[in-house]
Amino acid sequence: MSILAPGRRTRPDHAPAAPAPVRRQPWSLSRAAVNGALVLATAYTLLPLGWLLSAAAKNTGDLLGGRGLSPERWHLGDNLHALATTGDGIYFRWYLNSLLYAGIGAVLCAFVCVCAGYAFHVYAFRGKEQLFGLVLLGVLVPTTALALPMYLLASQLHIVNTFWAVFIPSLVNPFGVYLARVFCAGYIPSEVLEAARVDGAGELRIFWSIGLRMVMPGFVTVFLFQFTAIWNNFFLPLVMLSDNRLFPVSLGLYAWNTQTTAFPEYYPLVVTGSLLAVVPLVVAFVALQRHWKAGLTAGSVK
Amino acid sequence: MTRPPAPRTEAGPEPRTGAGTPAPGPAGPAAPSRTARPGPARPRPTRAAGRRGAPALLLAPFMVLFTACTLIPIGYAVHLSLYTERRSGLGFGGTVSVFTGLGNYTRALGDPAFREGFLSVAGYCLLYIPLMLGLSLLLALLLDSALARARRFFQLALFLPHAVPGIIAALIWMYLYTPGISPVVGALDTLGAQPDLLGNPLPAVVNIALWEWAGYNMVIFYAALQAIPREILEAARVDGAGPLRTAFSVKIPLIRASLTMVGLFTVIGSLQLFTEPMILHGAAPTVTSTWTPNMYAYSAAFDRNDYGLAAAASVLLALTAAALSYAITRGGRAGSSRRAKAGA
């Protein structure tokens, strides 16, 4: 499959000998082509979001009529008001639930992952690589294939349809442990830990005051990824929850969407609710660019 | 820290000799430096014990959660898949669990709906994976080329759909497919085309997934491309390779590890396909409630209360994912070792 032609060498030591055939390229044309293609791709990714933004400002009639926007047809305020009042403001309860599930869940998950990643990086113990291999296998297990047995287990434990049924599984992310280990290897020089040991600090104290602080960028990265994963999770809450006061935003919007055929007035609610549900993640990704890029890169090194 | 400053000065330069390698290998930094310390003033048994206890303590929270939320559910799913619920008597006396061995598996595999689910996912993979890899690789190469402008903006703009929850992405596109609501369908109508975007579930779902993930994977490829040493590219240019030739003969082979990883996660993700077709199911009659194996398992469990069948379907899904992951990682590794040999 390799495309490298056999025997062909691309070593720098050939450089002085070769007369460097400078090709004249139609520079302006290809520059326009490259950037034009990127602009087209960007239009593909951004236009649906633009549509969401404009649709959130339409009422049911304009939305279903596909009519455009003009200042006198601006209904964003009405939609937000409807969102706040429908079902006694259940939407903002969902929103708060999502913030709790994703916020607290991601902080705890990142902490648990960093603890484990740090242990895997710093210590030598028997069966370490086998245990790490087991964690990596966990990355490959389809999470949705786990959701159903988890539901049945939870129903045996009588925690189905509770906060915990959605919260506890969201604390586990084997890939986070992998990321944390990679970050620990990159950010914690062993000399520092050794110096702390010589100073007489206990192992847990070293982890808490030195290791954890040094690997903070890794902590934020795992947090960001887990926050997104929990905020976006749909299957697990769908399986676990039936009480709509416990729903996260994703499940709530799904429930409303299933009603739109019977009640078209739910259309603007779903659209405006979707827009609001996208906002925190877009803000987080724009603000924390450095971190998600670092996380993606760390993941691709392997 | 409670210790007097004396040991600090005594052992000041020492750790550097002990843990000489800046990047500690899998063995960890602890052992060598401890033995290398020249005559420790006092034996510190408490610390040695701490070093054994600390890793266990740090690993415990994750391992407990991992066991509870991954290992036990897997075992439980396998267990459930071997049993079936039988109504006792006339159906009034509740149900009893009966061991059926592989009965649920033969039932699932014998069900045309389940097999069709696998076929839909196979079709989805055949269409989606080449498109996804091709598009994200192309975008990464374009961004990596010297001609691209405003790279940070393009990166962020292309990545942004990934910040949109899958269910909302599916909702947005469902509206964009729906005649009457969609400006896209409206525009195509005025051009004379009468598209039935909701009538073809495969391209409809592929497009949603492509929109969500192309930018994400592009960022991974772009980061890998940026890590290629510049002198290699320079050498290729000096040897007379144009941009296309450099991309195909130098850049793409060098980021093979990233391609393998993205391919792996794409396959695992594809097998789990659920959210997008579940949303389209409400709007498009062609997307049945058992359109993917995952939807089949869901409907077996919650529409029919047939937990044994649902568990068997989940186990089959996980086994397929494991087999494909194995094949992909082996394929990727074989490719890279072959290349290493060719380059040596």
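Protein chains in written order, with my numbering: chain A, 9 to 310; chain B, 323 to 666. All C-beta atoms, glycine included, are put in the ideal place defined by N, C-alpha and C. If you're wondering where the values come from, they're calculated on a predicted model, not measured in any experiment.
>> Looking at the secondary structure, which residues open and close the beta strand (DSSP E) in which THR417(B) lies?
In response: 417–421
>> So that I know if they touch, is there some Cβ in chain B lying closer than 9 Å to that of GLN138(A)?
In response: no
> How would you write the range of the alpha helix (DSSP H) that CYS192(A) sits in, first residue to last?
Replying inline: 182–195
>> Using 8 Å as the cut-off, can you tell me whether the segment 520–532 of chain B makes contact with the segment 545–564 of chain B, which would need three or more C-beta pairs spanning the two stretches below that distance?
In response: no
> Taking 9 Å as the CB-CB limit, is TRP82(A) close to chain B?
Replying inline: no
> So, do the segment 175–191 of chain A and the segment 119–136 of chain A have three or more beta carbon pairs nearer to each other than 8 Å?
Replying inline: yes
>> Does chain B have any CB closer than 9 Å to the CB of PHE133(A)?
In response: yes
> For the alpha helix (DSSP H) that PRO523(B) lies in, which residues bound it at each end?
Replying inline: 523–548
> For a contact meaning CB atoms closer than 9 Å, what does GLY146(A) contact in chain B?
Replying inline: PHE388, THR392 and LEU393
> Could you give the C-beta distance for SER647(B) and ILE590(B), rounded to a whole number, given that I count them as a contact under 8 Å?
Replying inline: 7 Å
> Who are the Cβ neighbours of PRO245(A) in its own chain at under 6 Å, not counting the five residues just before and after it?
Replying inline: VAL174, PRO256 and LEU259
> What does ASN313(B) touch in chain A if you count any residue whose Cβ is under 7 Å from its own?
Replying inline: Limits of chain B in this structure are 323 at one end and 666 at the other, which puts residue 313(B) out of reach.
> For the segment 242–253 of chain A, which residues have a beta carbon sitting closer than 7 Å to at least one beta carbon of chain B?
Replying inline: PHE242 and PHE243
> Since TRP59(A) meets chain B, which of its residues come closer than 9 Å, beta carbon to beta carbon?
Replying inline: ILE494, TYR497, LEU498, SER504, PRO505 and VAL506
> If you run the structure through DSSP and keep just helix, strand and coil, what is GLU407(B)?
Replying inline: strand
> Of all the CB atoms in chain A, is at least one closer than 9 Å to the CB of GLY537(B)?
Replying inline: yes
>> Between the segment 386–404 of chain B and the segment 151–168 of chain A, can you find at least three pairs of beta-carbon atoms closer than 8 Å?
In response: yes
> Can you tell which of GLU273(A), ALA40(A) and THR50(A) has its C-alpha closest to the C-alpha of LEU469(B)?
Replying inline: ALA40(A)
> Listed from N- to C-terminal order along the chain, which residues in the segment 43–59 of chain A have their beta-carbon within a distance smaller than 8 Å of any beta-carbon of chain B?
Replying inline: ASN43, ALA45, LEU46, ALA49, THR50, TYR52, THR53, LEU54, PRO56, LEU57 and TRP59
>> At the level of alpha carbons, what is the spacing between PRO348(B) and ALA193(A)?
In response: Any reading at PRO348(B) must be qualified, since the residue scores a pLDDT of 41, below 50, and its modelled position is unreliable; no value is offered.
>> Taking the alpha-carbon of TYR497(B) as reference, which of VAL528(B), LEU441(B) and LEU602(B) has the nearest alpha-carbon?
In response: LEU602(B)
>> Can you give me the C-alpha to C-alpha distance between ILE574(B) and GLN477(B), rounded to a whole angstrom?
In response: 19 Å
> From PRO377(B) to LEU201(A), what distance separates their C-alpha atoms?
Replying inline: 14 Å
> Between LEU160(A) and TYR103(A), what straight-line distance do the alpha-carbon atoms span, to the nearest angstrom?
Replying inline: 27 Å
> ILE396(B) versus chain A: which residues are under 8 Å apart at the beta carbon?
Replying inline: VAL149, LEU154 and PRO157
> Hey, VAL130(A) and ILE196(A): beta-carbon distance below 9 Å or not?
Replying inline: yes
> At a Cβ cut of 7 Å, what residues of the segment 275–293 of chain A count as close to chain B, listed as they run along the chain?
Replying inline: VAL278, SER282, ALA285, VAL286, LEU289, VAL290 and PHE293
> Can you tell which of ASN181(A), TRP172(A) and VAL115(A) has its C-alpha closest to the C-alpha of LEU144(A)?
Replying inline: ASN181(A)
> By a C-beta neighbour count over all protein chains shown, 10 Å radius and 16 as the cutoff for buried, is TYR269(A) buried or exposed?
Replying inline: Note that residue 269(A) is Thr in the sequence shown, not Tyr. Under this definition THR269(A) is an exposed residue.
> When the Cα of ALA462(B) is compared with those of ALA536(B), LEU387(B) and ALA634(B), which residue comes out closest?
Replying inline: ALA536(B)
> Considering only C-alpha positions, which residue in the set VAL287(A), TYR274(A), ALA302(A) and THR53(A) is nearest to PHE475(B)?
Replying inline: THR53(A)
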